[in-house]
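In terms of the numbering used here, the sequence shown is residues 73 to 275.
Each residue gets a CB set at the ideal place from its N, CA and C atoms; glycine is no exception.
Here is the structure we will look at.
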Amino acid sequence: MDRLITLYGTGTTRSSRCRWTLLELGLDFDYVDNGSLIGTAELKKMQPLGKLPAIIIGGESLFESTAICTYLCDLYPKKNLIASVGSRERALHEQWCSFALTEIEGYLWSSSKHKSLYPAEKRVAAVLPINTEEIIAGLAVLEDTLNETPYLTGSNFSVTDIIVGFTVNWARSAGHLETFPVLSAYLERLHERELCTFKQNLI
Ligand SMILES: N[C@@H](CCC(=O)N[C@@H](CS)C(=O)NCC(=O)O)C(=O)O
73 MDRLITLYGT GTTRSSRCRW TLLELGLDFD YVDNGSLIGT AELKKMQPLG
123 KLPAIIIGGE SLFESTAICT YLCDLYPKKN LIASVGSRER ALHEQWCSFA
173 LTEIEGYLWS SSKHKSLYPA EKRVAAVLPI NTEEIIAGLA VLEDTLNETP
223 YLTGSNFSVT DIIVGFTVNW ARSAGHLETF PVLSAYLERL HERELCTFKQ
273 NLI
């Protein structure tokens with residue numbers, strides 16, 4: 073089942089989740105690495121907020137890095153990067169992706185914006201320690217979980233580790249991983265994978 077695939081992204085941003093997934097699946101794809109697309113009318117046709125990543129799969133566009141990675145793995149189930157719908161492992165995939173995005177990544181993103189991305193007059197320094205508290209609480213949950221299992225849905229690497237691993241890598245880049253040895257070792261395991269796309273610090 074061959075579909076033409078074009079991924080729009082840039083560097084080590086969230087698009088690297090999708091690029092790593094495509095590489096692990098062994099798919100042919102075109103990669104448009106172009107940060108200057110952000111906010112343009114061209115990108116808004118695929119991603120209504122004009123953000124990256126976006127993807128075209130067989131002529132249809134899709135956005136949100138987690139949705140893109142999950143869908144790609146569902147299209148190619150024989151590659152064993154995701155469990156089937158209705159299984160316990162699939163429920164764990166949904167659980168950990170939602171957890172990482174809402175309990176950790178949202179706060180990392182808010183801190184990046186209030187530290188440097190927003191214009192100075194829009195930045196609120198008071199949110200930073202509050203965000204850090206939330207980030208640390210979320211990371212502590214992942215630390216405890218990965219103390220019991222090598223990967224998030226069990227003993228095998230899966231797309232869940234690509235998605236959540238990106239968040240953990242971002243947390244490391246922001247200096248939040250020093251007190252989390254299990255998460256640091258988990259990230260090392262991900263970095264050792266040949267196709268990993270987010271080895272560098274993000275910020
Ligand atoms: N939840 C979205 C986030 C997309 C997003 O915020 N992308 C960043 C790059 S990693 C971006 O395009 N930022 C530009 C902006 O916020 O204006 C996803 O995971 O795909």
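Residue interval of the alpha helix (DSSP H) (run including residue i)
{"i": "Asp-146", "result": "137-147"}
{"i": "Thr-239", "result": "231-245"}
{"i": "Ile-202", "result": "199-218"}
{"i": "Ala-163", "result": "160-171"}
{"i": "Ser-183", "result": "178-184"}
Cβ-heavy atom distance, residue i to ligand 1, below 8 angstroms
{"i": "Thr-138", "result": "yes"}
{"i": "Leu-94", "result": "no"}
Nearest residue (CA-CA) to residue i, options the options
{"i": "Glu-206", "options": "Leu-173, Gly-81, Met-118 and Asn-219", "result": "Leu-173"}
{"i": "Ile-154", "options": "Leu-262, Cys-268 and Thr-93", "result": "Thr-93"}
{"i": "Gly-131", "options": "Ile-77, Lys-194, Cys-145 and Thr-82", "result": "Ile-77"}
{"i": "Leu-180", "options": "Ala-126, Asp-74, His-248 and Thr-82", "result": "His-248"}
{"i": "Ile-208", "options": "Asp-105, Leu-97, Glu-175 and His-263", "result": "Glu-175"}
{"i": "Arg-265", "options": "Glu-96, His-186 and Leu-200", "result": "Glu-96"}
{"i": "Ala-147", "options": "Asp-105, Val-231 and Val-240", "result": "The sequence given here places Leu at residue 147; Ala does not occur at that position. Cα-wise, what sits closest to Leu-147 is Val-231."}
{"i": "Val-254", "options": "Gly-226, Glu-215, Asp-233 and Arg-75", "result": "Glu-215"}
Cβ-Cβ distance between residue i and residue j below 9 angstroms
{"i": "Leu-259", "j": "Gly-237", "result": "yes"}
{"i": "Pro-222", "j": "Arg-162", "result": "no"}
{"i": "Leu-211", "j": "Ala-257", "result": "no"}
{"i": "Thr-138", "j": "Ile-202", "result": "no"}
{"i": "Ala-126", "j": "Leu-189", "result": "no"}
{"i": "Gly-122", "j": "Leu-109", "result": "yes"}
{"i": "Tyr-204", "j": "Ser-227", "result": "The residue asked about is misnamed: residue 204 is Thr in this sequence, not Tyr. Contact: no."}
Environment of residue i [buried if 16+ CB atoms lie within 10 Å]
{"i": "Pro-120", "result": "exposed"}
{"i": "Gly-164", "result": "Residue identity differs from the one stated: residue 164 is Leu in this sequence, not Gly. That one is buried."}
{"i": "Ile-275", "result": "Confidence at Ile-275 is low in this model, with a pLDDT of 46, below 50, so its placement is unreliable and the value that follows should be read with caution. Per the 10 Å Cβ criterion, exposed."}
{"i": "Arg-89", "result": "buried"}
Limits of the unbroken beta strand (DSSP E) element including residue i
{"i": "Thr-93", "result": "Taken as a continuous stretch (DSSP letters only), Thr-93 belongs to no beta strand (DSSP E), being part of the alpha helix (DSSP H) at 87-97."}
{"i": "Val-104", "result": "102-105"}
{"i": "Tyr-258", "result": "Unbroken run through Tyr-258 is the alpha helix (DSSP H), 253-264; no beta strand (DSSP E)."}
{"i": "Leu-76", "result": "Here Leu-76 belongs to no beta strand (DSSP E), and DSSP marks it neither H nor E."}
{"i": "Ala-126", "result": "126-129"}
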